[in-house]
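K.L.:
Just so you know, the protein sequences line up as chains Y and U, in that order. If you're matching positions, the first sequence starts at -1 in this note's numbering and goes up one per residue. If you're matching positions, the second sequence starts at 5 in this note's numbering and goes up one per residue.
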Amino acid sequence: MLEHIELFFKSIFVDNMVFAYFLGMCSYLAVSKKVSTAVGLGAAVIFVLTVTVPLNWFLDQYILQPGALAWLDGNRETPELSAYADYDLSFLSFILFIATIATMVQLVEIIVEKFSPSLYNSLGIFLPLIAVNCAILGGSLFMQSREIETAALALNYGFSSGIGWFLAIVAIAAIREKIRYSNVPAPLRGLGITFIITGLMAIGFMSFGGMLTGGEDAPLAPQAQTTQTTIQPAIEKEVETTPLVVSE
Amino acid sequence: MGLLSKKDTRLILDPLADDNPITIQVLGICSALAITAQLKPSIVMAVSVIFVLGLGNVVISLMRNIIPSKIRIIVQLIVVATLVIIVDQVLKAFAYELSKELSVFIGLIITNCIIMGRFEAFALGNGPWKSFLDGVGNALGYGVILIIVGFFRELLGSGTLFGFKVLGDSVEKTGLYAIGYENNGFMVLPPMALIVVGIIIWVQRSRNSALIEEN
């Protein structure tokens, strides 16, 4: 249970799709002019991620990983005995993952259109866009490279990274609605200021970094590792100065 | 350029500046920013995208009359995924360290919006040679921004270029460090990539006021 809660908050805040890895930036920038459309796209992303990450987890476990085909001759528990032990299909993961995502998006579109026309009208235009949203494929690829252990954790990971993306796009849409009334320098209007605001928001989200592990867990990205070395001196300084205040 | 007509030259040169995929068309930011903390991965990424987009545009353009429009997205994704697998396998074979460093971002070239955007906007309606030029031009425009961002982030962030200590040694205090210069550790963090691109957009649009957006 604890690992579920940890993964949930970690995927939303620490490993936020937009602010930590820049995934799904294209639609994030293009569809963030109004809060209502941003909410629609965000909901669609949560939905598709929740469906595709566990699906791709099963593909990865039963087809793609080295030795994953062992279940074919009944040696799932003891893969080294299987005739398929040496098969490694992981080079096919890109093409299988993207095919799953594209078909799932089409399926979801058809089902939603059939059963809930009102939802279809609000999500409809965004669904085809989602097939080429990096956040979706990124979710599956991170799931694979981080070797998530169970299907339930994969489901949790898909859902919570979707929520992280949703939060990011709704937040930037709200800011962009307000910034229309501000006097932004002309060459920065539109795209430029959005980039800079996203950068500032990402700096804010970096402060979630040590929330769960106390900063001991080394993150994946090489640039994230330097975070710790640069931030630590600042923290030490604070510790040194606080006793002085107390003694006064 | 005997081989290229005036129109063909424009196909290559326009995306480098006034029709740049990143700063004007807002495409392909996804996989671009995360790998620009250093110059070397930026260049590898740029070369990979040039390969994928140039060839992919040709393939799609050759098939443009036989792809049913309803399933074209899936066809396009399969073509890109195949090309990206080739890039990934080549990198794993000849530059394993680098491919570990780029991790999932090579795979994310598949969903790079530049690629789908150019397929949809150009390759589906033009011949193979023109599509090839358009693909290479746009990928070059993308690569230029990547390399500029990578250059500044590595130079200001770690004081190196391609790993060479161009500003002197920060530990032994030689070169610039001898007169009190310090690396800006903030530049290697992810948020600065966004701010550097924001500044590039600012510079570009103040030089060419026709590009300024309405609020």
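A virtual CB, placed ideally from N, CA and C, is assigned to each residue, including glycine.
Which two residues bound the contiguous alpha helix (DSSP H) that contains phenylalanine 126/U?
P.N.:
Counting along the chain, phenylalanine 126/U falls outside any alpha helix (DSSP H), and DSSP gives it neither H nor E.
K.L.:
Can you tell me the Cβ-Cβ gap for valine 46/Y and valine 103/Y, rounded? I've got them flagged as a contact below 8 angstroms.
P.N.:
About 6 angstroms separates the beta carbon of valine 46/Y from that of valine 103/Y, a gap short enough to meet the 8 angstroms contact definition.
K.L.:
Compare the beta carbon distance of valine 83/U and valine 62/U with 8 angstroms and say whether it is the shorter of the two.
P.N.:
no
K.L.:
So threonine 48/Y contacts chain U; which residues on that side make the cut at Cβ distance below 7 angstroms?
P.N.:
Within 7 angstroms Cβ-Cβ: nothing; threonine 48/Y doesn't reach chain U, min ~18 angstroms.
K.L.:
Classify leucine 87/U as helix, strand or coil using the three-state DSSP reduction.
P.N.:
helix
K.L.:
Output yes if chain U places a C-beta closer than 8 angstroms to the C-beta of glycine 136/Y; else output no.
P.N.:
Chain U, which has a Cβ nearer than 8 angstroms to the Cβ of glycine 136/Y, makes this yes.
K.L.:
Out of curiosity, what's the CA-to-CA distance linking leucine 153/Y and isoleucine 146/Y?
P.N.:
10 angstroms
K.L.:
Going by DSSP in three states, phenylalanine 92/Y sits in which element: helix, strand or coil?
P.N.:
helix
K.L.:
By how many angstroms is the C-alpha of isoleucine 78/U removed from the C-alpha of isoleucine 128/Y?
P.N.:
13 angstroms
K.L.:
Check the DSSP bridge columns for leucine 165/U and list the partner residues they point to.
P.N.:
Phe168/U
K.L.:
Output, in sequence order along the chain, the residues in the segment 197 to 214 of chain U whose CB is closer than 7 angstroms to any CB in chain Y.
P.N.:
Against chain Y - using a Cβ distance shorter than 7 angstroms - the residues of the segment 197 to 214 of chain U are Leu198, Ile199, Val201, Gly202, Ile205, Trp206, Arg209, Ser210.
K.L.:
Considering only the beta carbon of each residue, do valine 33/Y and alanine 184/Y sit closer than 8 angstroms?
P.N.:
no
K.L.:
In chain U, what lies closer than 7 angstroms to serine 143/Y by C-beta?
P.N.:
Ser107, Val108
K.L.:
Would you tell me roughly how many angstroms separate the C-alpha atoms of leucine 39/Y and tyrosine 26/Y, rounded to the nearest one?
P.N.:
9 angstroms
K.L.:
Could you check if proline 2/U is buried or exposed, using at least 16 other CB atoms within 10 Å of its CB as the buried criterion?
P.N.:
This structure does not reach residue 2/U, given that chain U is present from 5 up to 219, and the question cannot be answered.
K.L.:
Could you check whether the segment 149 to 163 of chain Y touches the segment -1 to 8 of chain Y, counting it as contact only if at least three pairs of C-beta atoms, one from each stretch, sit closer than 8 angstroms?
P.N.:
yes
K.L.:
Helix, strand or coil for asparagine 73/Y per DSSP?
P.N.:
coil
K.L.:
What number of angstroms, rounded off, separates the C-alpha of isoleucine 204/U from the C-alpha of leucine 144/U?
P.N.:
16 angstroms
K.L.:
Per DSSP, what kind of secondary structure is lysine 31/Y in: helix, strand or coil?
P.N.:
Lysine 31/Y carries a coil assignment under DSSP once its states are collapsed to helix, strand and coil.
K.L.:
For the 8 angstroms Cβ check, are there 3 or more pairs between the segment 84 to 100 of chain Y and the segment 86 to 93 of chain U?
P.N.:
yes
K.L.:
Would you grab the beta carbon distance between methionine 204/Y and isoleucine 33/U for me? Rounded to a whole angstrom, and I think it's under 8 angstroms.
P.N.:
That pair is no contact at about 19 angstroms.
K.L.:
Hey, does methionine 242/U have any beta-carbon neighbour from chain Y nearer than 8 angstroms?
P.N.:
Nothing about residue 242/U can be reported from this structure: the residues present for chain U run from 5 to 219 only.
K.L.:
Confirm, please, whether the CB-CB distance from isoleucine 173/Y to isoleucine 194/Y is below 8 angstroms.
P.N.:
no
K.L.:
Can you tell me the Cα-Cα spacing of tyrosine 85/Y and glycine 65/Y, whole angstroms?
P.N.:
6 angstroms
K.L.:
Between arginine 187/Y and isoleucine 199/U, what straight-line distance do the alpha-carbon atoms span, to the nearest angstrom?
P.N.:
Taking the straight line from one Cα to the other gives about 14 angstroms.
K.L.:
Where glycine 136/Y and leucine 112/U are concerned, what is the direct C-alpha to C-alpha distance, given to the nearest angstrom?
P.N.:
7 angstroms
K.L.:
Where does phenylalanine 123/U land, buried or exposed, given buried means 16+ other C-beta within 10 angstroms?
P.N.:
buried
K.L.:
Alanine 329/Y and leucine 21/Y: beta carbons closer than 8 angstroms?
P.N.:
Since the first residue shown for chain Y is -1 and the last is 246, residue 329/Y is missing from the structure and cannot be characterised.
K.L.:
Whole-angstrom Cβ separation of tyrosine 146/U and isoleucine 26/U, contact assumed at under 8 angstroms?
P.N.:
About 6 angstroms separates the Cβ atoms of tyrosine 146/U and isoleucine 26/U, confirming a contact at the 8 angstroms cut-off.
K.L.:
Would proline 194/U be called buried (16 or more neighbouring beta carbons within 10 Å of its own) or exposed?
P.N.:
buried
K.L.:
Would you grab the beta carbon distance between cysteine 117/U and leucine 31/U for me? Rounded to a whole angstrom, and I think it's under 8 angstroms.
P.N.:
4 angstroms
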